[in-house]
Amino acid sequence: MNVCSIEWVVCLLLLSAVFFLIPGVRERQAFLCVCNVAFVATMIPNFAGWCALAGFLGIGFIAARVLLSRPRKWILVVYLVVLLAAFIIFKRYVFAKVLLPAALFRTIVATVGWSYMLFRQIQVVVDVYQGQIERLPLWNYLNFQLNIFGFVAGPIQRYEEFREHWKDLKPILSDAESVLRAYLRIFIGAIKMGLLGGFCFNSFTTCKNLLADPDRAAQMTHLHRVLLFLVIFYTYPIYIYLNFSGYCDMIIGGASLFGIRMPENFDRPYLSRNMIEYWTRWHRTLGFWIRDYVFTPLYKAIAGHWPQKAASLAFLCYFVAFFLAGVWHGSTWNFIIFGVLNGLGSSATKLWETFLVRKVGRPGLRSYLQNASVRAAAIFITVNYACLTIYFFRPELGLSYSMVKNIFAPHL
Amino acid sequence: MNALTNEVQQVFCDVFGDDGIILTEGMTADDVPGWDSLGHLNLIIALEKRFGIKFATAEISRLKEDGQNVGTLLELIARKRG
Amino acid sequence: MSKFLEKKWNRMPPRRRLFLLAAATFASAVVAFMMLLRNAGVREVLYKAF
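These protein sequences, in sequence, are chains G, R and S.
Mapping to the numbering used here: the first sequence position 179 is 180, numbers consecutive.
Mapping to the numbering used here: the second sequence position 14 is 402, numbers consecutive.
Mapping to the numbering used here: the third sequence position 17 is 186, numbers consecutive.
Next comes the structure, spelled out in structure tokens:
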């Protein structure tokens, strides 16, 4: 079921009203569970899909319970390696296809929501291993993984946060103003996703069709082609932003009507002054997850083994962390480029900061950061760089190349 | 100022290269230059080494949330030491 | 700019705030529903209604 649809919104409004009237935590949990399963059922097209889902959740739950009673490092490592290998094969990552036999990639299972379940799964097993989660009832775990308000495309919520609301599930909006705000957020989200996002997407598509066609491109003036490219370059990211943040608005607003506070995913990303800050403003839950479960353990391991080299190896950590954040988005070659660009952007940010500290010291850095024109320039550069990374968000690399080529030489 | 706070203050001075750091309960990352994500991790590593304790990923992450400060960090260290 | 609006919003009497919020919610609901219905292919329903 598409979130930006009349069915989803009507169901949400009706069912949240029912939820509000249900007495008792267990009854509310049961009701939400039924909604979760029904929603997931609309996303799973065949029996193979159900088997895959049951297998993934079943094995994940068993692994977590084993680690709960026997927190051994080797169990965690083996499980994570198998999990990631299965994920890479299952999502048919292109680089894996180069290395492994084709037979491994013949699956007929739809891939909605798997990337997000993977992250929730890793978070649970790591936190269980580290003693941060003391109990893991199956009821909690299943509803955490199949939570409607995170299943399709996040936000990536941590188990502990989910449990806080789930264990005492009840309406959390206490006055008329907060209820109205929730509804307003849902409707504004739908408008962002459907209307504004749709408009941007149509503009993008029109310009793309014009510029990608060498015959039509040849008929235009050079200036016209440049302008078309600029429209393409900026409207696609705007479309992605409206689509994704609109989805998050609908989800976060909807969840609050069901007693669950989902984490925010966006914080005015167009105000980011560098690519590291960008990932704390764009898809924040992903940025924080990568920081906590990739960057932190990686850096700790490096600093533990090579303490003298820790400072220079930090750049490598930034690159790897943001590269993985990029590659997680999709399995095709364009996402490798997307990942590399993100990795370069974040390590460049850190390099620049290190350079500044060396040149003007910490007080100098402080005044540099507070300077308004520097800030404006930094935002301008970062927003454009982010748009550049998003240019490679589309799988059709050939098309992305053609559009640039056609600006200069359509008939080459 | 008890002994623990003194020791932790020493670690802060070493990690951030500033002998003039004086810790107060309400201090946060904004009050210490260099206490960004990387500085936070360097601090955690140094504290783990100094006190022979281990911070979990979730604990490190929670320390960066709003409302957390040096006071909560000290409490956490005290609890881990037993 | 937004800080200025935020200050104004916080200083507004609660009833006025609620009224504006309700009006905004209603307006966005109308726009959202019309858009969602159109996307669902219910153009004819809309033409007949208006």
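C-beta: ideal position from N, C-alpha, C; glycine also.
Beta-carbon spacing of residue i, residue j below 7 Å
i        : j        : result
G/TYR240 : G/PHE188 : no
G/ARG226 : G/THR383 : no
G/LEU398 : G/TRP334 : yes
R/ALA434 : R/VAL399 : yes
G/GLY260 : G/LEU170 : yes
G/MET251 : G/GLY190 : yes
G/LEU299 : G/CYS318 : yes
G/GLY340 : G/VAL321 : no
G/GLN146 : G/LEU58  : yes
R/VAL458 : R/ASN430 : no
G/THR390 : G/ILE277 : no
G/ALA213 : G/LEU400 : yes
G/SER347 : G/PHE381 : no
S/ALA192 : G/LEU185 : no
G/LEU325 : G/VAL295 : yes
DSSP-derived helix/strand/coil call for residue i
i        : result
G/TRP353 : helix
G/PHE20  : helix
G/ASN267 : First, the amino acid is wrong: residue 267 of chain G is Phe here, not Asn. Looking at G/PHE267 - three-state DSSP - the assignment turns out to be strand.
G/TRP75  : helix
G/TRP307 : coil
G/ARG359 : helix
G/VAL110 : Note that G/VAL110 has pLDDT 49, beneath the 50 cutoff, so the model's placement of it is unreliable and no number is given.
G/TRP9   : helix
G/TRP283 : strand
G/ASN210 : helix
G/ASN3   : coil
R/THR460 : helix
G/PHE324 : helix
R/LYS442 : coil
Span of the alpha helix (DSSP H), counted from its first residue to its last, around residue i
i        : result
G/LYS406 : 398-409
R/MET415 : First-last for R/MET415: undefined, no H or E at that position.
G/ARG121 : 115-130
G/TYR142 : 139-146
G/ASN385 : 373-392
G/GLU162 : 160-167
S/LYS172 : 171-180
S/ARG186 : 183-208
G/PRO238 : 223-257
G/VAL35  : 26-44
R/LEU451 : Unbroken run through R/LEU451: none, as it is neither H nor E.
R/SER425 : 425-439
G/ILE63  : 48-70
G/LEU174 : Run containing G/LEU174: none; DSSP gives neither H nor E here.
G/LYS193 : Unbroken run through G/LYS193: none, as it is neither H nor E.
G/ILE149 : 149-152
R/LEU392 : 391-404
G/ARG217 : 215-220
Selection from the options that minimises the alpha carbon distance to residue i
i        : options                                   : result
G/ASN244 : G/MET221, G/CYS36, G/LYS193 and G/LYS168  : G/LYS193
G/LEU15  : G/LEU33, G/ALA377 and G/TYR130            : G/LEU33
R/ASP406 : G/PHE393, G/PRO364 and G/ALA154           : G/PRO364
G/GLU248 : G/ALA311, G/GLY155, G/SER332 and G/ASN343 : The identity of residue 248 of chain G in the sequence shown is Tyr, whereas the question assumes Glu. Of G/ALA311, G/GLY155, G/SER332 and G/ASN343, the residue nearest in Cα terms is G/GLY155.
G/TRP115 : G/VAL127, G/TYR130 and G/ILE157           : G/ILE157
G/ALA64  : G/GLN220, G/PHE40 and G/VAL83             : G/VAL83
G/GLU178 : S/LEU190, S/LYS177, S/ASN179 and S/VAL200 : S/LEU190
G/ILE76  : G/TYR130, G/HIS412 and G/LEU119           : G/TYR130
G/VAL405 : G/LEU185, G/ASN210 and G/VAL11            : G/ASN210
R/GLU447 : G/PHE296, G/ALA315, G/PRO264 and G/GLY132 : G/GLY132
G/PHE336 : G/TRP290, G/PHE394, G/HIS412 and G/LYS301 : G/PHE394
G/PRO396 : G/SER332, G/GLU165, G/ILE60 and G/TRP307  : G/SER332
G/GLU162 : G/GLY195, G/MET263, G/GLU354 and G/ASN343 : G/MET263
G/ILE233 : G/HIS330, G/THR207 and G/PHE289           : G/THR207
G/ALA256 : G/PRO172, G/ILE23 and G/ALA378            : G/PRO172
G/ASN266 : G/TYR279, G/VAL375, G/TRP283 and G/ARG376 : G/TRP283
Beta-carbon proximity list for residue i, same chain, < 7 Å, skipping 5 on both sides
i        : result
G/PHE62  : LEU139 and TYR142
S/SER197 : none
G/TYR271 : VAL384
G/ILE149 : CYS36, ASN37 and PHE40
G/ASN3   : TRP9
Own chain residues within Cβ distance below 8 Å of residue i, not counting five before or after
i        : result
S/LEU174 : none
G/LEU352 : PHE316
R/GLN456 : THR416 and ARG450
Close-in-space but distant-in-sequence residues of the same chain around residue i (CB under 6 Å, 5 per side omitted)
i        : result
G/ALA304 : ALA311
G/VAL110 : Here the model assigns G/VAL110 a pLDDT of 49, short of 50, so the residue's position is not dependable, and the following value carries that caveat. Within the same chain, G/VAL110 has close Cβ partners ALA49, GLY50 and ALA53.
R/GLY422 : PHE404
G/ASP268 : ARG282
Contact with chain B by residue i, beta-carbon distance below 7 Å
i        : result
G/ALA304 : No chain B appears in the structure shown, which is made up of the protein chains G, R and S.
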